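See structure below.
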Amino acid sequence: MKYIVVLVIGTAAGLLSGMFGIGGGILIVPMLMYALKCSPHEAVGTSLAALLLPVGLLGALQYYRNGYIRVSYAVLLAVGLFLGAYLGARLSISLQGTVLERMFGGLLIAAGLWIVFHRS
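Under the working numbering, the residue at position 80 of the sequence shown is numbered 80, and the numbers go up by one with no gaps.
Here it is in structure tokens:
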């Protein structure tokens with residue numbers, strides 16, 4: 001049964017990633033923690049491992065085929081992501097699980113408020 005739940009979480013995260021360009025971790029991390037009782041560190045690590053190829057490669061391919069990728073921006077973002085992911089993982093591992101959980105929750109709240117109230 002747990003494997004079915006994990007598959008549903010992955011499918012939902014992939015759908016949201018493909019539709020909105022969000023990292024699937026926004027859905028995967030809390031669902032792994034609360035639905036499947038993973039520690040914050042396990043949830044983040046599992047999410048990173050799962051997102052590595054399917055979201056980036058397959059999602060980007062569809063957008064590229066339709067002319068919706070600015071390659072120069074993507075390359076520069078990738079360089080920043082490479083460095084940021086390394087530093088972020090090192091920092092995350094050094095934090096207590098409850099601290100990591102609160103930081104993630106704060107990030108989600110801030111992002112949600114920005115999306116709701118930001119005027120384009």
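No residue lacks a Cβ here, since even glycine has one placed at the ideal position from N, Cα and C.
Since this is a predicted model, take the numbers as computed values, not measurements.
For H41, the enclosing alpha helix (DSSP H) has its first and last residue at 40–51. Look at the region 60–110 and you find these whole runs of alpha helix (DSSP H), each 4 residues long or longer: 60–65, 71–94. Comparing alpha-carbon positions, the option among V79, C38, V116, G56 lying closest to M19 turns out to be G56. Only residues of its own chain outside the window of five on either side were considered, and among them V5, I9 have a CB closer than 8 Å to the CB of A35, listed in chain order.
Ranked by Cα distance from V75, the options R65, A60, S47, M1 are led by A60. The region 23–35 and the region 61–73 do not touch, with fewer than three beta-carbon pairs separated by less than 8 Å. G97 is not a Cβ neighbour of P30, given a cutoff of 8 Å.
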